[in-house]
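Using this note's numbering, you'd call the opening residue of the sequence shown number 49 and step up by one each time.
We put the beta carbon where it would ideally sit given N, CA and C, even for glycine.
Computed from a predicted structure; not experimentally measured.
Note sheet for the following structure.
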Amino acid sequence: MKRIWTVIGLLIVLIGCSEKEADKEPKFTVKDAIEKNHVVIQNLSDKERELMTGSTKTEHLIPMFAFLKDVETNKESTLEVTVFQKSGEPVTSTLHFVEKEKTIFKNNYSGYGMPKGEFECMNVFESRNSLSLNGCKGELSNIFVIPFEGRDYMTARNEYRKMNKK
Numbered sequence: 049m050k051r052i053w054t055v056i057g058l059l060i061v062l063i064g065c066s067e068k069e070a071d072k073e074p075k076f077t078v079k080d081a082i083e084k085n086h087v088v089i090q091n092l093s094d095k096e097r098e099l100m101t102g103s104t105k106t107e108h109l110i111p112m113f114a115f116l117k118d119v120e121t122n123k124e125s126t127l128e129v130t131v132f133q134k135s136g137e138p139v140t141s142t143l144h145f146v147e148k149e150k151t152i153f154k155n156n157y158s159g160y161g162m163p164k165g166e167f168e169c170m171n172v173f174e175s176r177n178s179l180s181l182n183g184c185k186g187e188l189s190n191i192f193v194i195p196f197e198g199r200d201y202m203t204a205r206n207e208y209r210k211m212n213k214k
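Spelled out as structure tokens, the structure:
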């Protein structure tokens with residue numbers, strides 16, 4: 049009987065240790081995403097309405113400008129966008145410019161009123177507050193990709209220009 053209780057005690061200790069080890073696994077952070085050259089969006093709310101009215105923080109937009117330059121010169125290019133949800137795990141989606149009038153968006157994030165899935169679109173459209181796609185096949189003809197503040201857009205654009213003058 050003592051052996052059974054000893055075995056049960058050891059199992060409990062081992063299970064407890066394994067759970068602590070699982071908690072120690074490094075999580076994908078904003079810093080990791082920036083180091084991998086992703087555009088980073090941090091949701092400051094869990095409510096869709098608040099997100100759609102600007103409750104986000106966008107960082108590291110410089111890769112977006114490099115991507116847009118490639119689109120302009122008809123050069124195949126990929127842009128990764130990671131959304132850090134207020135509650136939940138980060139989600140990375142990919143925008144792949146294949147050739148003129150063919151861009152593939154693999155959306156793995158179901159926020160901003162956009163469904164998850166793979167979408168083929170004709171045009172990449174940039175404004176001072178978002179990056180979106182037009183002429184998409186399927187239910188949605190326009191797809192919202194990256195929200196940002198005009199100030200963040202201008203700052204990143206100026207940084208990108210400085211980097212490319214060298």
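| field | Ranges of the beta strand (DSSP E) found wholly within the region 143–213, counting only runs of at least 3 | value | 150–155, 165–169, 171–174, 178–182, 191–195
| request: Using a threshold of 8 angstroms, state whether the C-beta atoms of phenylalanine 145 and proline 138 are closer than that. | output: no
| task | With a 10 Å radius around its C-beta and 16 neighbouring C-beta atoms as the bar for buried, classify methionine 112 as buried or exposed. | result | buried
| field | DSSP-derived helix/strand/coil call for lysine 79 | value | Helix.
| said: So, under 8 angstroms CB-CB, lysine 79 and leucine 92 are touching, yes? Tell me the CB distance rounded to an integer number of Å. | reply: Rounded, the Cβ-Cβ distance is 18 angstroms, inconsistent with contact.
| query | Which residues in the same chain have their Cβ closer than 8 angstroms to the Cβ of glutamate 147, if we skip the five residues on either side of it in sequence? | reply | Excluding residues within five positions, the ones whose Cβ falls inside 8 angstroms are Asn122, Glu124.
| With 16 other CB atoms within 10 Å as the buried threshold, where does serine 135 fall? | exposed
| said: Am I right that leucine 143 and valine 129 are in contact with their C-beta atoms under 8 angstroms? What's the rounded C-beta distance? | reply: 7 angstroms
| task | Give the DSSP-derived three-state secondary structure of lysine 105 in the structure shown. | result | strand
| task | Please report the residue range of the alpha helix (DSSP H) in which leucine 99 lies. | result | 96–100
| field | Status (buried if at least 16 other CB within 10 Å, exposed otherwise) for threonine 77 | value | exposed
| query | Which residue from Asp118, Tyr160, Met202 puts its Cα closest to that of asparagine 190? | reply | Considering only Asp118, Tyr160, Met202, the residue with the shortest C-alpha distance to asparagine 190 is Tyr160.
| query | Which partner residues does leucine 127 have in the DSSP bridge list? | reply | Leu143
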